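Chains as they are written, first to last, in our numbering: chain A, 3 to 152; chain B, 6 to 422.
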């Protein structure tokens with residue numbers, strides 16, 4: 003849709019709206035190994051993220067919370083991505099998405115890993131919304147690192 | 006100067022709009038519809054010109070030189086103080102202290118009057134609808150002094166019932182610090198009655214008037230306030246300048262807030278004595294240009310008449326409230342009766358997050374506020390973490406309200422595709 007709503011489609015791509023309306027992996031994880039909450043006090047968005055880690059890979063993920071369409075879709079995309087990934091792969095993906103949202107180049111291999119997540123790149127035209135897109139990713143990265151060292 | 010309540014200029018919105026250059030701007034290809042006036046207002050040519058004129062014609066330091074420019078700068082600076090004093094019906098211009106903003110005014114009282122007068126076991130009373138800047142200084146002080154911070158509750162509609170003050174304001178209360186008008190709920194609080202309660206137990210009352218002085222006639226004597234704080238930038242003036250008004254005897258007895266040039270009478274290598282009011286509280290070279298431009302803003306509002314300003318906003322609020330509530334998809338926070346509130350409407354959409362709404366409206370040129378509005382505990386008390394807010398001023402029109410409502414409908418359509 004163009005016209006009155008201008009560049010809205012750049013931010014809210016079909017994939018984003020789909021994940022916002024039907025978030026993936028929202029079921030709670032039993033006996034989670036990683037269990038944490040992230041929030042952005044500026045807008046009040048908050049997510050509860052749980053992971054089951056087996057053999058250094060994410061076996062199960064559950065994310066619930068409330069937030070804007072961007073932060074919810076981003077959390078859902080994250081939930082879809084991390085299942086089955088090793089912690090190194092997750093760290094690499096978080097690094098890719100950080101650079102993607104900052105407007106830096108990412109390699110074709112990185113883009114392949116991110117898949118649908120590249121749809122979040124539209125947020126670059128809306129700098130105040132970058133934090134919404136990064137909220138759950140930054141939290142996940144920190145929590146996984148804490149789990150590894152803990 | 007005419008009486009600030011009645012005005013000398015016809016309240017003609019088209020003529021008013023022509024005074025505001027920024028209203029010509031296009032935002033994302035659309036006419037700007039500026040509905041974030043509780044955050045800051047736009048500036049008319051008269052205020053902008055005052056700043057330019059000062060720097061082009063007058064610039065000099067105040068209270069120091071014998072040369073022409075210094076004398077003119079000093080006269081302009083002091084005339085602006087007199088205008089502000091008259092605007093709020095202060096008995097004496099020396100009771101008007103220039104600060105950076107409302108926050109600094111509040112901090113000044115907390116750090117001087119309250120520092121000297123609040124002790125262990127005493128209490129400080131505020132409302133549950135304060136801006137962070139009228140919560141945190143009191144939390145800090147209460148903590149430091151071993152005093153108690155108490156909250157006057159509001160009912161479901163966002164109104165303070167005076168009965169609730171019984172048992173909250175008591176003989177150990179030293180200061181009651183309340184917002185005159187909530188920046189979230191729009192509620193206008195019964196400040197004069199709370200002043201009576203405060204005085205009956207020997208406490209003082211401080212009024213956070215950041216949202217009231219710009220929008221309605223405010224008379225510090227009629228309220229019987231002891232301190233009153235507001236910012237120029239929310240009333241057509243520049244950023245970086247605010248006002249603390251206080252009763253003369255209270256200010257006179259207070260220790261200084263900052264030390265430096267202008268606030269001293271005499272300095273020896275060992276000691277110093279403090280200057281008279283208001284200079285005791287204005288250490289260092291003050292914000293001369295912005296003080297003078299605040300005087301221009303006060304002139305502008307005085308010409309319009311604050312009764313007319315208030316009436317215009319009441320009409321817009323009444324109209325907007327009806328339009329917004331008729332959508333059926335929106336919950337409005339605070340009193341539904343426009344007569345009990347100012348021109349601030351915070352709301353929560355059933356399905357659209359405030360930030361998504363804010364972005365979508367911005368694409369249509371419509372500026373609203375989204376988030377916690379610097380009142381986290383209050384917003385959370387409505388079981389939400391963020392809200393959207395529209396707030397009006399003298400240049401807003403019913404057709405802008407229509408543009409906002411149709412923008413909201415457009416956004417609903419977008420997210421329900």
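Yeah, the Cβ is synthetic: ideal placement off N, Cα and C, and Gly gets one too.
Please read these numbers as outputs of a predicted model, since none were measured by experiment.
| Item | Value |
| --- | --- |
| With a cut-off of 9 angstroms, does the C-beta of residue 57 of chain A fall near any C-beta of chain B? | no |
| Would you kindly work out how many angstroms separate the C-alpha atoms of residue 61 of chain B and residue 284 of chain B, rounded to a whole number? | 26 angstroms |
| Taking the beta strand (DSSP E) that residue 319 of chain B belongs to, which residues open and close that run? | Taken as a continuous stretch (DSSP letters only), residue 319 of chain B belongs to no beta strand (DSSP E), being part of the alpha helix (DSSP H) at 311-331. |
| Please determine, among B:376, B:334, B:390, B:315, the residue with the shortest C-alpha to C-alpha distance to residue 11 of chain B. | B:315 |
| What ranges does the alpha helix (DSSP H) occupy inside the stretch 100-128 of chain B, keeping only unbroken runs of at least 4 residues that lie completely in it? | 107-114 |
| In whole angstroms, what separates the C-alpha of residue 151 of chain A from that of residue 19 of chain A? | 36 angstroms |
| Under a Cβ-count criterion, where at least 16 other Cβ atoms within 10 Å of its own Cβ denotes burial, should residue 27 of chain B be classed as buried or exposed? | exposed |
| Judging by CA-CA distance, which residue of B:240, B:272, B:228, B:375 is the nearest neighbour of residue 215 of chain B? | B:240 |
| Given a threshold of 16 other Cβ atoms within 10 Å of its Cβ, counted over all protein chains shown, does residue 108 of chain B qualify as buried or as exposed? | buried |
| Of all Cβ atoms in chain B, is any one closer than 9 angstroms to the Cβ of residue 72 of chain A? | yes |
| To the nearest angstrom, how far is it from the Cα of residue 10 of chain A to the Cα of residue 179 of chain B? | 52 angstroms |
| Since residue 66 of chain A and residue 50 of chain A should fall inside the 8 angstroms C-beta cutoff, what is the C-beta to C-beta distance between them, to a whole number of angstroms? | 5 angstroms |
| Closer than 7 angstroms, Cβ to any Cβ of chain A: which residues of the stretch 357-387 of chain B, in chain order? | 358, 360, 361, 364, 365, 368, 369, 376, 377 |
| Span of the alpha helix (DSSP H) holding residue 345 of chain B? | Per DSSP, residue 345 of chain B belongs to no alpha helix (DSSP H) and is neither H nor E. |
| Mind the definition here: the stretch 40-52 of chain B touches the stretch 362-378 of chain B only if three or more C-beta pairs lie below 8 angstroms; say whether that holds. | yes |
| Starting from the beta carbon of residue 320 of chain B, find every residue of chain A whose beta carbon is closer than 9 angstroms, and list them in chain order. | None at all; the shortest Cβ gap to chain A is about 27 angstroms. |
| Please work out which residues of its chain come closer than 7 angstroms, Cβ to Cβ, to residue 95 of chain B, disregarding the five sequence neighbours upstream and downstream, and give them in chain order. | 101, 225, 250 |
| Under 8 angstroms Cβ to Cβ from residue 71 of chain B, same chain only, skipping five residues before and after it: list those, please. | none |
| Are the Cβ atoms of residue 253 of chain B and residue 415 of chain B separated by less than 9 angstroms? | no |
| What residue does the beta strand (DSSP E) around residue 156 of chain B start on, and which one ends it? | 153-157 |
| Quick one: measure Cβ to Cβ for residue 40 of chain B and residue 389 of chain B, integer angstroms, because I've assumed they're closer than 8 angstroms. | Contact flag wrong, Cβ pair sits at about 20 angstroms. |
| Quick test of the definition: if touching needs 3 or more C-beta pairs under 8 angstroms, does the stretch 154-167 of chain B touch the stretch 106-125 of chain B? | no |
| Which whole runs of the beta strand (DSSP E) in the stretch 227-266 of chain B are 3 residues long or more, in chain order? | 232-236, 247-251 |
| Where residue 6 of chain B and residue 305 of chain B are concerned, what is the direct C-alpha to C-alpha distance, given to the nearest angstrom? | Below a pLDDT of 50, predicted positions are generally treated as unreliable, and residue 6 of chain B, at 46, falls in that range; the measurement from the model is reported next regardless. Approximately 11 angstroms, taken between the alpha carbons. |
| How about residue 30 of chain B: is its C-beta nearer than 9 angstroms to some C-beta of chain A? | no |
| How many Å lie between residue 113 of chain B and residue 300 of chain B at the Cα? | 22 angstroms |
| For chain A, is any of its Cβ atoms less than 9 angstroms away from the one on residue 434 of chain B? | Chain B is shown from 6 up to 422; residue 434 of chain B falls before or after that span and cannot be answered. |
| Taking the beta strand (DSSP E) that residue 64 of chain A belongs to, which residues open and close that run? | 59-68 |
| Which chain A residues are close to residue 417 of chain B, counting only those with a beta carbon under 8 angstroms from its beta carbon? | Result: empty, since nearest Cβ-Cβ is about 11 angstroms, beyond 8 angstroms. |
| Residue 220 of chain B and residue 348 of chain B - do their beta-carbons sit closer together than 9 angstroms? | yes |
| Hey, quick one: how far does the alpha helix (DSSP H) through residue 396 of chain B stretch, first residue to last? | Note, residue 396 of chain B: premise wrong, no alpha helix (DSSP H); beta strand (DSSP E) at 392-396. |
| Let's test the definition: count the other Cβ atoms within 10 Å of the Cβ of residue 326 of chain B and tell me whether it reaches 16, buried, or not, exposed. | buried |
| Nearest chain B C-beta to residue 103 of chain A closer than 9 angstroms, yes or no? | no |
| For residue 2 of chain B, which option in B:158, B:410, B:89, B:278 has the closest C-alpha, if you only look at C-alpha atoms? | Here chain B covers residues 6 to 422 and nothing more, so residue 2 of chain B does not appear. |
| Should residue 24 of chain A be labelled buried (16 or more other beta-carbon atoms within 10 Å of its own) or exposed? | exposed |
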